[in-house]
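Okay, so the sequence shown: first residue is 777 according to my numbering, each after it adds one.
Let me begin by presenting the structure, written as structure tokens, before commenting on it.
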Amino acid sequence: MTTQCTNTQHRLYQLIGQLPKTELHLHIEGTLEPELMFALAQRNQVTLPYASIDELRAAYDFHNLQSFLDLYYAGAAVLLTEQDFYDLTWAYLQKAHDDNIVHTEIFFDPQTHTLRGVPFAIVYQGIRRALDEAQAQWGLSSRLIFSFLRHLTEQEGFDVLEQAMPFLQGIDGFGLDSSEKGHPPAKFERLFKRCQELNLPCVAHAGEEGPAAYVMDALHLLNVKRIDHGVRSLENAELVRQLVAEQIPLTVCPLSNIRLKVFTTMQEHPLKQMLDMGLLVTINSDDPAYFGGYVNDNFKACTTALNLSDQDIVQLAKNSFIASWLSDAEKARQLAEIDQIWQAWKLAD
Ligand code: ADE
Ligand code: ZN
777 MTTQCTNTQH RLYQLIGQLP KTELHLHIEG TLEPELMFAL AQRNQVTLPY
827 ASIDELRAAY DFHNLQSFLD LYYAGAAVLL TEQDFYDLTW AYLQKAHDDN
877 IVHTEIFFDP QTHTLRGVPF AIVYQGIRRA LDEAQAQWGL SSRLIFSFLR
927 HLTEQEGFDV LEQAMPFLQG IDGFGLDSSE KGHPPAKFER LFKRCQELNL
977 PCVAHAGEEG PAAYVMDALH LLNVKRIDHG VRSLENAELV RQLVAEQIPL
1027 TVCPLSNIRL KVFTTMQEHP LKQMLDMGLL VTINSDDPAY FGGYVNDNFK
1077 ACTTALNLSD QDIVQLAKNS FIASWLSDAE KARQLAEIDQ IWQAWKLAD
């Protein structure tokens, strides 16, 4: 029995590795691995409040979103030069490529850097150079999402948007992240209206720690077309009906939810339930350096804990394309490719 289970799991893990996927919920600052954090601290002569990489890792014991964010913003202090942002982004793209991610839509948090004196141009140009190289080297396509920090004021959002205006041709959308509780979507209604006037799509974190009402407000007040997390939507049946009917994507991050205590164990995570309800859910890594895994690690953890079938895994890979900002033609090409790989995988049984 054990051998049988291990074999089945091994086969499903192979399928996860073989399927092309996108990642749609990834904070580039959350990919800063402890090794790179220490290397950049040394390069830039920044003192970290940890004696070693092990001591830093030991501090990754979060009890909620805020306890993580405090560490995440402190860690970003080592990022100072264009090369630092390039190195950070390139390290992530190599991992994404290893996981068979063929398209990624990444967040960056400009205010985390501009408010400590790093010019917007430095941040943008370092990230952009790495994204362009991944496209040239592997055909790994990407979109860049400018995310506002919701614990700051709406006026501070307008101020940083002003700094981004010369670079708008390289920005593909806007997002909203950071401390959710007490910072409802309504706080950013005017800012998101301005973003939509720029003709760029908007997304927002909602229903991670905050209530289902924040998901509704993100949809209705901010006019977003995709929700980041959204797991607490399940608390409102009417909202679930709307999300299913309109096929509004939810970019779910299972390992993140466990590490930030949104759910106690992976067995309790509602991902499979959401999939079965017909919600357009996708699997993403959020801040993989802090939460213990990249996209394939998230797929594997869900497969094991929630008994996902090969059909579930294939549906999740397909959803990642359907929910992306790729063209309809590119989506169709990738969905056909997924079906072909699935058929070949079944035959190899
Ligand atoms: N910023 C980085 N990760 C985040 C998360 N999981 N929720 C809100 N803001 C974030
Ligand atoms: Zn996030």
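Backbone N, C-alpha and C define an ideal beta-carbon position, used for all residues, glycine too.
DSSP on residue i, reduced to helix/strand/coil?
i, result
"Thr1040", "coil"
"Arg1017", "helix"
"Met777", "Because the pLDDT of Met777 is 45, which lies under 50, any placement of that residue in the model is unreliable, and the number read from its coordinates should be weighed accordingly. Met777: coil per DSSP, three-state reduction."
"His786", "helix"
"Cys1029", "coil"
"Leu920", "strand"
"Lys957", "coil"
"Ala867", "helix"
"Ile947", "coil"
"Leu973", "Residue identity differs from the one stated: residue 973 is Glu in this sequence, not Leu. Correct three-state label for Glu973: helix."
"Pro796", "coil"
Any heavy atom of the ligand ZN within a distance shorter than 7 Å of the CB on residue i?
i, result
"His801", "yes"
"Asp830", "no"
"Asp1004", "yes"
"Asp953", "yes"
"Asp1134", "This structure cannot settle anything about residue 1134, because the visible part of the chain is limited to 777 through 1125."
"Asp1062", "yes"
Taking 7 Å as the cut-off, is the CB of residue i close to at least one heavy atom of the ligand ADE?
i, result
"His981", "yes"
"Leu845", "yes"
"Ser1100", "no"
"Ser1096", "no"
"Leu841", "yes"
"Leu806", "The sequence shown places Gly at residue 806, not Leu. Flag set: Cβ of Gly806 near the ligand ADE."
Going by beta-carbon coordinates alone, are residue i and residue j separated by less than 8 Å?
i, j, result
"Pro1025", "Tyr990", "no"
"Glu811", "Val1071", "no"
"Met992", "Leu1015", "yes"
"Ala980", "Gly933", "no"
"Thr857", "Ile829", "no"
"Ser1032", "Asp1063", "yes"
"Ala835", "Tyr849", "no"
"Leu869", "Leu916", "yes"
"Ile1174", "Ile882", "The chain is shown from 777 up to 1125; residue 1174 falls before or after that span and cannot be answered."
"Val936", "Thr865", "no"
Assuming residue i and residue j are in contact, meaning their beta carbons sit under 8 Å apart, how far apart are those beta carbons, in whole angstroms?
i, j, result
"Gly949", "Ile903", "Incorrect: roughly 14 Å between the Cβ atoms, too far for contact."
Contained beta strand (DSSP E) runs [length at least 3] in the stretch 1055–1119, N- to C-terminal order: Restricted to the stretch 1055–1119, the beta strand (DSSP E) segments that are unbroken, complete and at least 3 residues in length are 1057–1059, listed in chain order.
Unbroken stretches of the alpha helix (DSSP H), 4 residues or longer, contained in the stretch 882–914: When DSSP assignments are scanned along the stretch 882–914, the uninterrupted stretches of alpha helix (DSSP H) that are 4 or more residues long and fall wholly within it turn out to be 886–890 and 896–914.
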